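Novice: Per numbering that gives the first Met the number 0, the very first residue in the sequence shown carries number 0; after that it's consecutive. The C-beta atom is built at its ideal place from N, Cα and C for all residues, glycine as well. Being a predicted model, the structure only gives us computed values, none of them experimental. Sharing a structure here in structure tokens format.
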Amino acid sequence: MNIAENYQKIRNQIPEHVTIVLAAKTRTPEEVKEAICAGATDIGENYLQEAEQVIPALGKTAEKVRWHMIGDLQKNKINRALKVFDLVQTLSSFERAEALNQRAEKIIPVYVEINTGCEETKKGVDPDFEKVKDLVVKMAGLENISVEGLMTMGPMTGDPEDSRPYFRKAKAIFDKINELDLPGISLRTLSMGMSDSYWTAIEEGSNMIRLGRVVFGDRSY
0 MNIAENYQKI RNQIPEHVTI VLAAKTRTPE EVKEAICAGA TDIGENYLQE AEQVIPALGK
60 TAEKVRWHMI GDLQKNKINR ALKVFDLVQT LSSFERAEAL NQRAEKIIPV YVEINTGCEE
120 TKKGVDPDFE KVKDLVVKMA GLENISVEGL MTMGPMTGDP EDSRPYFRKA KAIFDKINEL
180 DLPGISLRTL SMGMSDSYWT AIEEGSNMIR LGRVVFGDRS Y
């Protein structure tokens, strides 16, 4: 099957309330355009430089989707990132949120990234409820930041069942924060699950999945 068929098959299989963000890392503008023309609504990029190349190449087609930053956003690239991304999924420190807030000229939606597996090689807040809640509360006080969700990856082992406890942990934190009914805070999105684990993530409460290989095929670096 081609990219369009892959996307449409998955879109038809999963619940309507689950948003698909297509991870376009290393993909060509032509590949991304095929996905958008097939109905894709959200595109994620790990690297700012790639987004800066793909978006202009797509022309008007790029305006049909929301562009998500799903990789680490470095402070020295925030000004450039604000010109191309509609949403940042990977904030994990108040310092980074404050820098984004100071440079944004309009409100930008963000998610707090949780390092559910406590992996040293990955960014994210520890999966401790108080730590996540405190960061969400502090970030909610920034005038140009709208905290709209949580994001996690979980350890990548190849077996989606291995991810289940980590997804469950993120969902528990997500629910607990919402149950507090904190002023100005309403988390709407739980972004978790990728090509190998999206069904498990949906079963555990994800309403946004990030897919690359299952739609675009294997990467050719």
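1. Would residue 205 and residue 166 be called neighbours here (beta carbons separated by less than 9 angstroms)?
2. Using the Cβ count rule (16 or more neighbours within 10 Å means buried), how would you classify residue 140?
3. Taking three-plus beta-carbon pairs below 8 angstroms as touching, is the region 186 to 201 in contact with the region 143 to 163?
4. Which same chain residues, not among the five before or five after residue 122, have their C-beta less than 7 angstroms away from its C-beta?
5. Who are the near neighbours of residue 125 in its chain, counting only those whose CB is closer than 7 angstroms to its CB and skipping five residues on each side?
6. So, for residue 99: in the same chain, excluding its five sequence neighbours on each side, which residues have a beta-carbon less than 6 angstroms away from its beta-carbon?
7. Residue ranges of each alpha helix (DSSP H) run of no fewer than 4 residues wholly in the region 138 to 180, ordered along the chain?
8. So for residue 26, helix, strand or coil by DSSP?
9. Look up residue 43 in the DSSP assignment and say whether it is helix, strand or coil.
10. From this set, 49, 41, 202, which residue's C-alpha is nearest residue 159's C-alpha?
11. Measure the C-alpha to C-alpha separation of residue 62 and residue 207 and round it to an integer number of angstroms.
12. With a CB to CB cut of under 7 angstroms and the five nearest residues on each side skipped, what residues in its chain are close to residue 183?
13. Quick one: Cα of residue 197 to Cα of residue 2, how far?
14. Do the CB positions of residue 134 and residue 107 come within less than 9 angstroms of each other?
15. Should residue 81 be labelled buried (16 or more other beta-carbon atoms within 10 Å of its own) or exposed?
16. How far does the alpha helix (DSSP H) with residue 77 in it reach, from first residue to last?
17. Any idea what DSSP makes of residue 51, helix, strand or coil?
18. Taking the beta strand (DSSP E) that residue 65 belongs to, which residues open and close that run?
19. Using three-state DSSP, classify residue 72 as helix, strand or coil.
20. Would you mind working out which of 9, 120, 16 sits nearest residue 210, comparing C-alpha positions?
21. For residue 56, tell me which candidate among 27, 39, 47 has the shortest Cα-Cα distance.
22. Please check the pair residue 42 and residue 64, which I expect to be a contact at CB under 8 angstroms, by giving their CB distance rounded to whole angstroms.
Specialist: Reading it off the structure:
1. Numbered from its first residue, the sequence shown carries residue 205 at position 206. Numbered from its first residue, the sequence shown carries residue 166 at position 167. Their beta carbons are under 9 angstroms apart, which means residue 205 touches residue 166 by this criterion.
2. Taking the sequence shown and counting its residues from 1, the one referred to as residue 140 is at position 141. Exposed, by the Cβ-count rule.
3. yes
4. Sequence index remark: in the sequence shown, residue 122 carries index 123 (1-based). Here the set comprises 71, 89, 91, 112, 114.
5. Along the sequence shown, one-based indexing puts residue 125 at 126. Excluding residues up to 5 positions away in sequence, 114, 117 lie with their Cβ nearer than 7 angstroms to the Cβ of residue 125 in the same chain.
6. One-based indexing of the sequence shown puts residue 99 at position 100. Here the set comprises 77.
7. Residue ranges of uninterrupted alpha helix (DSSP H) with 4 or more members, entirely inside the region 138 to 180 and ordered along the chain, are 159 to 178.
8. As a position in the sequence shown, residue 26 is number 27, starting the count at 1. It is coil, neither helix nor strand.
9. Sequence index remark: in the sequence shown, residue 43 carries index 44 (1-based). Three-state result, residue 43: strand.
10. Mapped onto the sequence shown, residue 159 falls at position 160. Comparing Cα-Cα distances from residue 159 to each of 49, 41, 202, the minimum goes to 202.
11. Position 63 of the sequence shown holds residue 62. Position 208 of the sequence shown holds residue 207. The alpha-carbon atoms of residue 62 and residue 207 are separated by roughly 20 angstroms.
12. Stepping through the sequence shown from its first residue, residue 183 is reached at position 184. For residue 183, where only same-chain residues beyond five positions count, the Cβ hits under 7 angstroms are 139.
13. On the sequence shown, position 198 is the one that residue 197 refers to. On the sequence shown, position 3 is the one that residue 2 refers to. Each residue's alpha carbon lies about 18 angstroms from the other.
14. Indexing the sequence shown from 1 puts residue 134 at position 135. Indexing the sequence shown from 1 puts residue 107 at position 108. Their beta carbons are not under 9 angstroms apart, which means residue 134 does not touch residue 107 by this criterion.
15. As a position in the sequence shown, residue 81 is number 82, starting the count at 1. By the 10 Å Cβ count, residue 81 comes out buried.
16. Counting from 1 along the sequence shown, the entry for residue 77 is found at position 78. From DSSP, the alpha helix (DSSP H) with residue 77 extends over 77 to 83.
17. By 1-based counting over the sequence shown, the position of residue 51 is 52. Correct three-state label for residue 51: helix.
18. Here residue 65 refers to the residue found at position 66 of the sequence shown. Run containing residue 65: 65 to 68, per the beta strand (DSSP E) assignment.
19. Working through the sequence shown from its first residue, we reach residue 72 at position 73. Three-state DSSP puts residue 72 in coil, outside helix and strand.
20. Taking the sequence shown and counting its residues from 1, one reaches residue 210 at position 211. The shortest Cα separation from residue 210 among 9, 120, 16 belongs to 9.
21. Taking the sequence shown and counting its residues from 1, one reaches residue 56 at position 57. Among 27, 39, 47, the Cα nearest to that of residue 56 is on 27.
22. Mapped onto the sequence shown, residue 42 falls at position 43. Mapped onto the sequence shown, residue 64 falls at position 65. Confirmed, Cβ separation roughly 5 angstroms.
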